[in-house]
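Residue numbers (my numbering), protein chains in the order written: chain A, 153 to 375; chain B, 153 to 375.
Structure first, commentary second.
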DNA sequence: CGGTTGCTCAAACGTATGTTTTAAACAGAC
DNA sequence: GTCTGTTTAAAACATACGTTTGAGCAACCG
């Protein structure tokens, strides 16, 4: 190995193992043995395990946010005055994720799973890192969502966005396993693109559901 | 302390710590020192850490499934011939969760968080345990969902149920953090009951969204 | 050529973990 | 009173972890 493809091999192995098992459950020794590099290489190149986790995220998140930013530019250019619709915004996001150059066939699945983990596993350092580095494109997405759902209150919108993120991250993070189950059970093959195509209408309908009047949790609620 | 409230003190402490930090991130020493019992007591009473995790789940899941089963009985009794609607089914589930007798004020939050963790943190032993012990009530819920959405194809329903589970598990597994963010940002306090009340209409609308005609993923899709 | 630099390697370090063991106390039941 | 099941205490166990060290190696530069 001429020069350090060691760094990339570590990142590849770490990415895959983190996605499979989570952060705490993945040891540096697993990573380095999968990457076929020396154990000390991680601390030499990245400084610490936490820094490696952040590097894994930076490697796919930075190009993604660039793609996403131009997708939003295109979208806003097409919709001169009126704000983009909810469906258009969601499709722009989905397209950017699906069309990302992938390192391997599992690319999009790993991508989503890691995003889910970042939310779920409460790694303080990761949350701070992501907030510091990527708050801008995320904020732009939120702004578009806000303009596309003017009838929602801020609180309603906040929660529905969480529901949306949850459905997406969860489904995509285990989409390989889910696809397999479906194939065995119903004999149907499904691509990630098709899952996305089913997901967008679901999310769109959920986001635009009729607003409930709180508090609804009385005995009559269940009658 | 006359006889073994040691077991309950261990379960209480473990439940709370697991919900706060996850399974791998919680050590037996944290649990025993919080419970103010001896370290060896865990292995004496439960045999292993994994067995303790399963015991924590069994303690709240068993009464919950009993409650849920009677809730489904009531529901089907009220709807003599016609199958219960989607909203009714979802509310029956939500009601059973919210109305569960709680050990303390954090009860329902911990309950949800643990369920989310069970899905998210891929603890092999836990998944097997839950499948072996609680597959029946889950199957009944699926049957009700199927009867409530007769217009959906099996494939569409399959994916939309995944989306639904994802939104729920994901939101609930980090609901404390999400609640905090919302409180800091908008100065609004939200109870778990209110989250559930917002979630049900979202899921219901998503499940009943118009069915898309595949394949929609052409360049024109994004135009 | 000598010296510096970037990198790899095996080995060790210190710490934390789950688990086990020993002993001694304590309770209630027969 | 004795026995049985609990509980505590303290210590040790073996293992795994993230991190550090120092020697070695190759390439590059003056």
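For glycine and all other residues, C-beta sits at the position ideal for the given N, C-alpha and C.
Residue 358/B places its beta carbon less than 8 Å from that of residue 354/A. Chain order gives the chain B residues near residue 362/A as 353, 357, where near means a beta carbon separation below 9 Å.
Here residue 295/B is not near residue 309/B, since their CB atoms are 8 Å or more apart. Residues of the same chain with a CB within less than 7 Å of the CB of residue 300/A, apart from the 5 flanking positions on each side, are 235, 236, 237, 238, 241 in chain order. Around the beta carbon of residue 289/B, 16 or more other beta carbons sit within 10 angstroms, so the residue counts as buried. Boundaries of the alpha helix (DSSP H) around residue 165/A: 158-173. Within the stretch 165-186 of chain A, contact with chain B at the beta-carbon level (separation under 9 Å) is assigned to 172, 173, 174, 176, 177. Contacts with chain A at 8 Å (Cβ-Cβ) include residue 315/B. Around the beta carbon of residue 181/A, fewer than 16 other beta carbons lie within 10 angstroms, which makes this residue exposed. Residue 319/B is not a Cβ neighbour of residue 210/A, given a cutoff of 8 Å. Listed in chain order, the alpha helix (DSSP H) elements of length 4 or more contained wholly in the stretch 201-249 of chain B are 201-230. DSSP places residue 361/B in no alpha helix (DSSP H); its state is neither H nor E. Within the stretch 331-354 of chain B, those residues whose Cβ lies closer than 7 Å to any Cβ of chain A are, in chain order, 334, 338, 340, 345, 346, 347, 349, 350, 351, 353, 354. Note that the stretch 183-196 of chain B does not touch the stretch 213-232 of chain B; fewer than 3 beta-carbon pairs, one per stretch, sit closer than 8 Å. Assignment of residue 188/A by DSSP, reduced to helix, strand and coil, places it in the coil class. Taking 8 Å as the threshold, the shortest C-beta distance from residue 318/A to chain B falls below it.
Just measuring C-alpha positions, the residue of 172/B, 164/B, 159/B sitting nearest residue 272/A is 172/B.
Residue 320/B: member of the alpha helix (DSSP H) spanning 306-325, first to last residue. DSSP places residue 276/B inside the alpha helix (DSSP H), whose first and last residues are 276-300.
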